[in-house]
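Trainee: Can you keep this structure in mind? I'll have questions shortly.
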Amino acid sequence: MTPETSVNGPESAHGADYASIMRRAVELSLNGPAHNANPRVGCVVLDAHGAVIAEGWHRGAGTPHAEVDALSRLSPAQVRGATFVVTLEPCNHTGRTGPCADALIAVGVSRVVFGLSDPGDVEGGGGDKLREAGIEVIAGVCADDVMRVVRDWYDSAALGRTVVTIKWASSFDGRAAANDGTSQWISGVAARERVHQQRSEHDAIAVGTSTVLADNPSLTARLPDGSLYAHQPVPIVFGEREVVGEQLGQHPREALYLRTRDLRSALVELRERGIHSLYVEGGPTLASAFIAAGLADRFFIFLAPVLLGGNRLAVTDIGVSTLSDGIDLLVDSTEALGDDILISARRARASTTSDRKAA
Ligand SMILES: NC(=O)c1ccc[n+]([C@@H]2O[C@H](COP(=O)([O-])OP(=O)(O)OC[C@H]3O[C@@H](n4cnc5c(N)ncnc54)[C@H](OP(=O)(O)O)[C@@H]3O)[C@@H](O)[C@H]2O)c1
Numbered sequence: 037m038t039p040e041t042s043v044n045g046p047e048s049a050h051g052a053d054y055a056s057i058m059r060r061a062v063e064l065s066l067n068g069p070a071h072n073a074n075p076r077v078g079c080v081v082l083d084a085h086g087a088v089i090a091e092g093w094h095r096g097a098g099t100p101h102a103e104v105d106a107l108s109r110l111s112p113a114q115v116r117g118a119t120f121v122v123t124l125e126p127c128n129h130t131g132r133t134g135p136c137a138d139a140l141i142a143v144g145v146s147r148v149v150f151g152l153s154d155p156g157d158v159e160g161g162g163g164d165k166l167r168e169a170g171i172e173v174i175a176g177v178c179a180d181d182v183m184r185v186v187r188d189w190y191d192s193a194a195l196g197r198t199v200v201t202i203k204w205a206s207s208f209d210g211r212a213a214a215n216d217g218t219s220q221w222i223s224g225v226a227a228r229e230r231v232h233q234q235r236s237e238h239d240a241i242a243v244g245t246s247t248v249l250a251d252n253p254s255l256t257a258r259l260p261d262g263s264l265y266a267h268q269p270v271p272i273v274f275g276e277r278e279v280v281g282e283q284l285g286q287h288p289r290e291a292l293y294l295r296t297r298d299l300r301s302a303l304v305e306l307r308e309r310g311i312h313s314l315y316v317e318g319g320p321t322l323a324s325a326f327i328a329a330g331l332a333d334r335f336f337i338f339l340a341p342v343l344l345g346g347n348r349l350a351v352t353d354i355g356v357s358t359l360s361d362g363i364d365l366l367v368d369s370t371e372a373l374g375d376d377i378l379i380s381a382r383r384a385r386a387s388t389t390s391d392r393k394a395a
């Protein structure tokens with residue numbers, strides 16, 4: 037895999053403004069589908085004088101990669117000596133399409149500038165292959181801008197499994213429900229609207245069988261007027277009991293019922309199906325099982341200004357018996373939503389490499 041260097045300045049050693057061209061490539065990448073097995077990738081091709089001669093982007097799994105899409109608009113004479121500016125490291129593996137690194141070598145490009153290295157064990161290494169073929173490679177240009185577009189895909193590729201976001205709504209004293217089980221609604225309208233937005237930003241949404249039995253949830257992502265967001269996450273029910281959610285039957289996506297206790301294997305399989313991000317809505321038992329297994333990567337914690345006491349905790353046993361074993365979180369932001377507070381956090385000490393080693 038090519039080591040990342042930070043090249044965010046406006047000018048490269050060759051005088052071309054690769055940072056602004058990369059930003060154009062990022063813009064092009066947004067034409068691709070946001071929820072797909074493959075990442076969104078954009079590409080701009082420059083001739084030997086630095087003039088833009090083609091643009092391309094990836095339209096989703098099974099279609100040409102961004103570099104190949106741009107190549108298809110050029111004659112062999114135009115491509116020779118060209119510079120390809122592409123958001124992601126050209127791939128080095130044969131999937132549904134051939135390796136892009138080979139395609140670029142074959143047509144005789146002279147330089148490849150890319151934003152982010154491919155973290156995949158199999159797909160990565162395209163940059164090294166290009167260098168070995170004598171092509172100049174500049175890595176890490178506007179890597180942060182690229183990361184903002186492909187974060188879920190990137191993190192799931194680095195972890196080798198679907199990335200997990202745990203969400204809960206609780207009272208200030210950490211209860212997900214009152215003693216009699218009533219929990220709708222702990223949080224206010226603004227918080228609930230945000231939850232629907234967050235659902236729409238994930239590939240899939242998960243609950244445990246007990247939540248299906250207790251709440252008969254629809255698990256759709258809905259706008260304030262009740263209509264559906266364009267993207268609906270795949271609803272997933274975890275648990276061995278044979279439950280069938282009546283409202284889930286009306287969901288625009290077919291629900292998956294995963295009758296397993298092995299959450300890590302389930303996440304590896306989900307990634308193989310192209311699901312990069314999972315929004316775990318609860319209840320407390322399932323959320324705690326993900327946390328205890330070291331599989332909770334991000335957190336959205338909605339705190340409502342009410343005290344409920346009792347034993348219906350938002351998080352139950354997560355395998356922590358003493359303070360020094362506590363699972364540390366890094367807070368990314370806190371935000372007031374009406375009377376509620378949203379804390380966005382992620383697991384501290386979560387090195388993607390060490391997580392993969394633990395697998
Ligand atoms: N405040 C909130 O944000 C919020 C959100 C959602 C739900 N809720 C409330 O939470 C309550 C339900 O929560 P709950 O904690 O009782 O149940 P739950 O987490 O919804 O479901 C628990 C079930 O998950 C299944 N499961 C799958 N993999 C598991 C694993 N690795 N470890 C443990 N369980 C696993 C088991 O089902 P099997 O026994 O079938 O195998 C288990 O019984 C409801 O009253 C609901 O209203 C609150």
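For the sequence shown, position 327 matches number 363 in the working numbering, and the numbering has no gaps at all.
C-beta atoms are modelled at their ideal positions from N, C-alpha and C, and glycine is treated no differently.
Note that the structure is predicted; figures quoted are calculated from it, not measured.
Quick one: give me the first and last residue of the beta strand (DSSP E) that G78 is part of.
Mentor: Counting from 1 along the sequence shown, the entry for residue 78 is found at position 42. First-last of the beta strand (DSSP E) with G78: G78 to L82.
Trainee: With a threshold of 6 angstroms (Cβ to nearest heavy atom), would A325 be considered close to ligand 1?
Mentor: Numbered from its first residue, the sequence shown carries residue 325 at position 289. The answer is yes for A325.
Trainee: Nearest-angstrom Cα distance between A242 and D375?
Mentor: Counted from its first residue, the sequence shown places residue 242 at position 206. Counted from its first residue, the sequence shown places residue 375 at position 339. Using only the alpha carbons, I get a separation of about 27 angstroms.
Trainee: On the DSSP bridge assignment, give the partners of W93 in chain order.
Mentor: Here residue 93 refers to the residue found at position 57 of the sequence shown. Answer is G78, bridged to W93.
Trainee: Just curious, the beta strand (DSSP E) that E317 is in, first and last residue?
Mentor: Locating residue 317 in the sequence shown gives position 281, counting from the first residue. First-last of the beta strand (DSSP E) with E317: S313 to G318.
Trainee: Within 10 angstroms of its Cβ, does R184 collect 16 or more other Cβ (buried), or is it exposed?
Mentor: If you number the sequence shown from 1, residue 184 lands on position 148. Exposed: under 16 other Cβ atoms inside 10 Å.
Trainee: Which residue comes first and which comes last in the alpha helix (DSSP H) that contains G310?
Mentor: Taking the sequence shown and counting its residues from 1, one reaches residue 310 at position 274. Per DSSP, G310 belongs to no alpha helix (DSSP H) and is neither H nor E.
Trainee: List the whole-angstrom C-beta distance separating A118 from V81, where the pair is believed to meet the contact cut-off of C-beta under 8 angstroms.
Mentor: For the purposes of this step, residue 118 is taken as residue 82 along the sequence shown, with counting starting at 1. For the purposes of this step, residue 81 is taken as residue 45 along the sequence shown, with counting starting at 1. The C-beta distance from A118 to V81 rounds to 5 angstroms, short enough to meet the 8 angstroms contact threshold.
Trainee: I'd like to know whether the C-beta atoms of V200 and L314 end up nearer to each other than 7 angstroms.
Mentor: To locate residue 200, count along the sequence shown from 1; it is residue 164. To locate residue 314, count along the sequence shown from 1; it is residue 278. Yes, Cβ-Cβ distance for V200 and L314 is below 7 angstroms.
Trainee: Quick one: is the Cβ of A205 within less than 6 angstroms of any heavy atom of ligand 1?
Mentor: Looking up residue 205 in the sequence shown gives position 169. Result yes, Cβ under 6 angstroms from ligand 1.
Trainee: Does the distance between the C-beta of R228 and the nearest non-hydrogen atom of ligand 1 fall short of 6 angstroms?
Mentor: Taking the sequence shown and counting its residues from 1, the one referred to as residue 228 is at position 192. Flag unset: Cβ of R228 not near ligand 1.
Trainee: Would you kindly report the start and end of the unbroken beta strand (DSSP E) that includes E276?
Mentor: In the sequence shown, residue 276 corresponds to position 240, counting from 1. Run containing E276: none; DSSP gives neither H nor E here.
Trainee: Please find out if some non-hydrogen atom of ligand 1 comes closer than 6 angstroms to the beta-carbon of G275.
Mentor: Mapped onto the sequence shown, residue 275 falls at position 239. Yes, the Cβ of G275 comes within 6 angstroms of a heavy atom of ligand 1.
Trainee: Suppose only complete runs of 4+ residues qualify. What are the alpha helix (DSSP H) ranges in the region 120–198, listed by chain order?
Mentor: 136–143, 162–168 and 179–195
Trainee: Specify the secondary structure class of A325 as computed by DSSP and reduced to three states.
Mentor: Here residue 325 refers to the residue found at position 289 of the sequence shown. Note: A325 maps to helix in three-state DSSP.
Trainee: Any idea which residues DSSP pairs W221 with across the strands?
Mentor: What you label residue 221 is simply residue 185 of the sequence shown in a count that begins at 1. In DSSP, W221 forms no bridge with anything.
Trainee: Using 10 angstroms around the beta-carbon of P341, count the other beta-carbons present and answer buried if the total reaches 16, otherwise exposed.
Mentor: Along the sequence shown, one-based indexing puts residue 341 at 305. P341 should be labelled exposed.
Trainee: Please report the Cβ distance between V273 and R289, rounded to the nearest whole angstrom; I am assuming they are in contact, meaning their Cβ atoms lie under 8 angstroms.
Mentor: Counted from its first residue, the sequence shown places residue 273 at position 237. Counted from its first residue, the sequence shown places residue 289 at position 253. V273 to R289, Cβ: 13 angstroms. No contact.
Trainee: Is it buried or exposed, R348, if we count other Cβ atoms within 10 angstroms and call 16 or more buried?
Mentor: Position 312 of the sequence shown, counted from the first residue, corresponds to residue 348. Label assigned to R348: buried.
Trainee: Helix, strand or coil for A257? Go by DSSP, reduced to three states.
Mentor: Position 221 of the sequence shown holds residue 257. DSSP places A257 in coil when its eight states are reduced to three.
Trainee: Taking the alpha helix (DSSP H) that I241 falls in, what are its first and last residues?
Mentor: The residue you call residue 241 lines up with position 205 of the sequence shown. I241 -> not in any alpha helix (DSSP H); beta strand (DSSP E) instead, spanning A240 to G244.
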